[in-house]
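Read through the structure below, which is laid out as structure tokens, and then see the notes.
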Amino acid sequence: MRKREAPDALFACTPYELRNILTYVHLNRPQDADELLRDLLSGRRPAEWQVLAEVVHSRLRHPGYLGDMPHTWIGSEYARTIFGMLMREDDARLQLLPGAPPSWVAGGGLRVGGLPTAYGALSMSARQQDATLRVTLEPGLRDGTPVQVWWPTRQRPKNVAVDGKSRSDFSADGIALERPFHELEAEW
Numbered sequence: 002m003r004k005r006e007a008p009d010a011l012f013a014c015t016p017y018e019l020r021n022i023l024t025y026v027h028l029n030r031p032q033d034a035d036e037l038l039r040d041l042l043s044g045r046r047p048a049e050w051q052v053l054a055e056v057v058h059s060r061l062r063h064p065g066y067l068g069d070m071p072h073t074w075i076g077s078e079y080a081r082t083i084f085g086m087l088m089r090e091d092d093a094r095l096q097l098l099p100g101a102p103p104s105w106v107a108g109g110g111l112r113v114g115g116l117p118t119a120y121g122a123l124s125m126s127a128r129q130q131d132a133t134l135r136v137t138l139e140p141g142l143r144d145g146t147p148v149q150v151w152w153p154t155r156q157r158p159k160n161v162a163v164d165g166k167s168r169s170d171f172s173a174d175g176i177a178l179e180r181p182f183h184e185l186e187a188e189w
């Protein structure tokens, strides 16, 4: 993928590579996941349409095969990828922000409303202001659902409080909790 960024690089690729993004998330390599997502999204042609073709060429006016536009299989992979970067369901817990890059929680942050999961509906907001990350969960997850929050920066915070109570059982990756919370605050 990085060879495609070289000046005058000639290539054709398929945005099916979106499938690899969640592999990076599962390997705890969120920076690589974000880099690949950004690279693939830069292949939208024309950019104003915000769609991915089945085949993306380095030359904007290449007279070769493009396949479907928009390509719905790519579109479904894109949606699955975004959901997987925001949350991951596993047998033991609901994982929050496993692949969310720092840019997603910066500024106005992100908000998810009523996303169906195996553990109930996920309504969450996450916002990083200066050195403080705030994650808020609204009602919807089943009581007693174990949750894990991943830090987008993958750096160990100085302090973590969950619903106003200080916690010390966190790492550079995140924190595992026994049940849903209302507000989590992490300070670096």
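For the sequence shown, the working numbering gives the first residue as 2, with consecutive numbering after it. The beta carbon of each residue, even a glycine, is placed where N, CA and C say it ideally should be.
For the segment 31-92, which segments carrying the beta strand (DSSP E) assignment without a break, of at least 3 residues, lie completely within its bounds, in sequence order?
-> Counting whole runs of 3 or more residues, the segment 31-92 contains the beta strand (DSSP E) stretches 88-90.
Backbone secondary structure at lysine 159 - three-state DSSP = Counted from its first residue, the sequence shown places residue 159 at position 158. In this structure, lysine 159 counts as coil in the three-state DSSP scheme.
Of the residues Gly44, Tyr79, Glu49 and Glu188, the one placed nearest isoleucine 22, counting alpha carbons only | Here residue 22 refers to the residue found at position 21 of the sequence shown. It is Tyr79 whose Cα lies nearest to the Cα of isoleucine 22.
Cα-Cα separation between alanine 10 and histidine 72, rounded to whole angstroms = On the sequence shown, residue 10 is found 9 positions in, with the first residue counted as 1. On the sequence shown, residue 72 is found 71 positions in, with the first residue counted as 1. So the alpha carbons of these two residues sit roughly 24 Å apart.
Check whether the Cβ atoms of valine 150 and leucine 98 lie closer than 9 Å to each other.
-> The residue given as residue 150 occupies position 149 in the sequence shown. The residue given as residue 98 occupies position 97 in the sequence shown. The answer is yes: Cβ separation under 9 Å.
For tryptophan 105, the three-state DSSP class (helix, strand or coil) = Within the sequence shown, the letter at position 104 stands for residue 105. In this structure, tryptophan 105 counts as helix in the three-state DSSP scheme.
Inter-residue spacing [alpha-carbon to alpha-carbon] between aspartate 33 and tyrosine 25 | Residue numbering aside, residue 33 sits at position 32 when the sequence shown is read from its first letter. Residue numbering aside, residue 25 sits at position 24 when the sequence shown is read from its first letter. Distance between the alpha carbons of aspartate 33 and tyrosine 25: 6 Å.
Candidates Glu36, Thr15 and Gly110: closest to glutamate 55 by CA position = As a position in the sequence shown, residue 55 is number 54, starting the count at 1. Here the closest residue by C-alpha is Thr15.
From the DSSP output, in three-state form, read off proline 16 for me.
-> Here residue 16 is taken as the residue at index 15 of the sequence shown, counted from 1. Proline 16: helix per DSSP, three-state reduction.
Can you say whether leucine 123 is buried or exposed, counting buried as having 16 or more other CB atoms within 10 angstroms of its CB?
-> Here residue 123 refers to the residue found at position 122 of the sequence shown. The residue in question, leucine 123, is buried, as its Cβ has 16 or more Cβ neighbours within 10 Å.
Ordered list of beta strand (DSSP E) runs contained in the segment 126-188, each at least 3 residues | The beta strand (DSSP E) runs lying completely inside the segment 126-188 and spanning 3 residues or more are 133-138, 148-151, 160-163, 166-168, 175-178 and 184-188, given in chain order.
Identify, in the order they occur along the chain, each residue of the same chain with its Cβ nearer than 6 Å to the Cβ of glycine 100, setting aside the five sequence neighbours on each side.
-> If you number the sequence shown from 1, residue 100 lands on position 99. Cβ neighbours of glycine 100 beyond the five flanking positions: Val26, Pro31, Ala34 and Met86.
Between the segment 142-157 and the segment 173-188, do at least 3 Cβ pairs fall closer than 8 Å?
-> yes
So, is phenylalanine 182 buried or exposed, given that buried needs 16 or more other C-beta atoms within 10 angstroms?
-> Start at 1 with the first residue of the sequence shown, and residue 182 comes out as number 181. Buried.
Relative to the alpha-carbon of lysine 4, which residue among Ser59, Gly114, Arg45 and Ala127 has its alpha-carbon at the smallest distance?
-> Looking up residue 4 in the sequence shown gives position 3. Lysine 4 has its Cα closest to that of Ser59, out of Ser59, Gly114, Arg45 and Ala127.
Indicate whether the contact test is met: 3 or more Cβ pairs, each with one atom in the segment 36-56 and one in the segment 110-121, closer than 8 Å.
-> no
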